[in-house]
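Student: Mind having a look at this structure? Questions to follow.
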Amino acid sequence: MTDEIKSFIQRDETARAMVKFAENLAIKIKDVSTSQIRSAYGTVKKLEMQSEFTEKSYRELLLLKPKLAYARKRSQKEYVFKELEDALGIAIDAVDVKHPETFKRFCNFFEAILAYHKANGGK
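The sequence shown runs 64 to 186 under my numbering.
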């Protein structure tokens with residue numbers, strides 16, 4: 064799982080595999096509430112709306128990892144939320160501040176997870 068997720072973020076040619084992975088992950092996490100996912104996604108969207116991806120943006124992105132851990136502990140389906148936390152943690156680690164396109168791919172990956180979660184009846 065780790066190498067596969069890293070390749071989605073670090074290489075552009077894996078979009079088809081990224082979409083399939085996001086769809087499969089969304090099915091696994093359908094018991095996670097949409098509001099929990101959207102809370103983390105809101106932070107990412109805020110960073111995406113900035114004019115450029117900077118060291119400060121990168122720091123804020125890294126701080127999303129403890130927020131996800133906190134959300135997992137508050138979740139009623141902690142073991143299910145762990146799947147999302149692990150996947151996003153790997154994806155965050157694959158983002159390189161020196162290559163802003165990796166952040167854009169991360170955003171695409173997260174958006175695909177959220178969209179498929181909703182499409183597959185996520186709460």
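No residue lacks a Cβ here, since even glycine has one placed at the ideal position from N, Cα and C.
For the stretch 158 to 170 and the stretch 111 to 123, state whether three or more C-beta atom pairs, one from each stretch, are separated by less than 8 Å.
Tutor: Yes, the stretch 158 to 170 is in contact with the stretch 111 to 123.
Student: Would you mind reading off the limits of the alpha helix (DSSP H) that contains glutamate 118?
Tutor: 118 to 125
Student: Assuming contact is defined by CB atoms lying nearer than 8 Å, are threonine 106 and histidine 180 in contact in what I supplied?
Tutor: No, the Cβ-Cβ distance between threonine 106 and histidine 180 is not below 8 Å.
Student: Determine, using beta carbons only, whether alanine 85 and alanine 175 come nearer to each other than 8 Å.
Tutor: The answer is yes: Cβ separation under 8 Å.
Student: Compare the C-alpha of lysine 186 against each of Ile90, Phe166, Lys167, Glu146 and name the closest.
Tutor: Ile90
Student: Taking Cβ to Cβ, would you say leucine 147 is nearer than 8 Å to isoleucine 72?
Tutor: no
Student: What three-state label does DSSP hand aspartate 66 in the structure shown?
Tutor: helix
Student: Give me whichever residues DSSP pairs with histidine 180 in a beta bridge.
Tutor: Answer by DSSP bridge pairing: none, since histidine 180 is not bridged.
Student: Taking the alpha helix (DSSP H) that serine 138 falls in, what are its first and last residues?
Tutor: Per DSSP, serine 138 belongs to no alpha helix (DSSP H) and is neither H nor E.
Student: Alpha carbon to alpha carbon, what distance is there between proline 129 and phenylalanine 173?
Tutor: 17 Å
Student: In terms of residue numbering, what span does the alpha helix (DSSP H) encompassing glycine 105 cover?
Tutor: 97 to 112
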